[in-house]
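K.L.:
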Amino acid sequence: DGGITQSPKYLFRKEGQNVTLSCEQNLNHDAMYWYRQDPGQGLRLIYYSQIVNDFQKGDIAEGYSVSREKKESFPLTVTSAQKNPTAFYLCASKPDPVGYGYTFGSGTRLTVV
Amino acid sequence: DQQVKQNSPSLSVQEGRISILNCDYTNSMFDYFLWYKKYPAEGPTFLISISSIKDKNEDGRFTVFLNKSAKHLSLHIVPSQPGDSAVYFCAASAGPSFGNEKLTFGTGTRLTIIP
């Protein structure tokens, strides 16, 4: 059963700490994405990767970092430089960079305490 | 700079009636549009899409209309059912020369179907 797995579903972080959100897909998709959802602001693109070992900044990349060492995995690190990290984070993938059909994971809710 | 706008944050519709969700865009390079449906604490799921070469696409109870000159699209759901209660996101993508590797999403409309 192919899909995207995001873990954990809920995550709490103390201020000043870095935290890494996991995203794994077994769909053999080339492109992967990280979005952030805030109330009233829709989905905003943080980072995306079209191929292994390559990634690009999205619209709100400041305070975040990513890696793409394997095709299946695209972890997102929320660093202490991110001023307002509390949000719902969504990972997505699609078969190739030029196609349109995203598959989304079920999301991780990060809360800074 | 919100390139895709959904001006109605919420919409309530009686069960069995038609739900109409609207979306406006500003980027004339957008040539492909999608609607996603999202339940709380879940990822969005694809609903229906339309290419700019068409003005209508239908899939069961869902129809998307595109008015390129007005830079406006709408999603019609008829008849509306309680399970349709969710947040609906409009999304757009530009052509291959203009960065079609990513989608730009609207802010979403929360649809509530009243039994």
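As given, the protein sequences belong to chains A and B, one line each in that order.
For the first sequence, my numbering gives the first residue as 1, with consecutive numbering after it.
For the second sequence, my numbering gives the first residue as 1001, with consecutive numbering after it.
Glycine is no exception: its CB is placed at the ideal position from the N, C-alpha and C atoms.
1) Step through the CB atoms of chain A and report whether any lies within less than 8 Å of the CB of B/E1042.
2) Going by the DSSP bridge assignment, what does B/M1029 pair with across the sheet?
3) In this structure, does DSSP put B/D1059 in helix, strand or coil?
4) With DSSP collapsed to three states, give me the class of A/G42.
5) On the CB-based measure, 16 or more other CB atoms within 10 Å of its CB, does A/I51 come out buried or exposed?
6) In or out: A/I46 buried (at least 16 other Cβ within 10 Å) or exposed?
7) Quick check on this structure: which residue in A/R13, A/G16, A/P39 has the alpha carbon closest to the alpha carbon of B/G1106?
8) Hey, A/T108 and A/T86: beta-carbon distance below 8 Å or not?
9) Is the region 1003-1017 of chain B in contact with the region 69-80 of chain A, if contact means three or more CB pairs nearer than 8 Å?
10) Along the chain, where does the beta strand (DSSP E) containing B/H1076 start, and where does it finish?
11) If contacts are defined as beta-carbon pairs under 8 Å, then B/A1086 and B/V1004 qualify, I think. What distance do you get, rounded to the angstrom?
12) Going by other Cβ atoms of all chains shown within 10 Å of its Cβ, with 16 needed for buried, is B/K1037 buried or exposed?
13) Whole angstroms are fine: how far does the CA of B/G1108 sit from the CA of A/Q41?
14) Quick one: what does DSSP say A/D96 is sitting in, helix, strand or coil?
15) Taking 8 Å as the cut-off, decide whether the C-beta atoms of B/Y1032 and B/S1052 are in contact.
16) Is B/D1084 helix, strand or coil by DSSP?
P.N.:
Reading it off the structure:
1) True, the Cβ-Cβ gap to chain A drops below 8 Å.
2) The partner list for B/M1029 (beta bridge, DSSP) is empty, contrary to what the question assumes.
3) It is a strand residue.
4) Assignment of A/G42 by DSSP, reduced to helix, strand and coil, places it in the strand class.
5) Exposed is the label assigned to A/I51, since fewer than 16 other Cβ atoms lie within 10 Å of its Cβ.
6) With 16 or more other Cβ atoms within 10 Å, it is buried.
7) Selected option, being the one with the closest Cα: A/P39.
8) No; because the gap between Cβ atoms is not below 8 Å, this pair is not in contact.
9) No, the region 1003-1017 of chain B is not in contact with the region 69-80 of chain A.
10) Note, B/H1076: beta strand (DSSP E), 1072-1077.
11) Not quite, the Cβ-Cβ distance comes to about 18 Å (not below 8 Å), so this is no contact.
12) By the neighbour-count rule (16 or more Cβ atoms within 10 Å), B/K1037 is buried.
13) Between the alpha carbons of A/Q41 and B/G1108 lies a distance of about 8 Å.
14) DSSP, read as helix, strand or coil, puts A/D96 in coil.
15) With contacts defined as CB atoms closer than 8 Å, B/Y1032 and B/S1052 qualify as a contacting pair.
16) Reduced to three states, the DSSP call for B/D1084 is helix.
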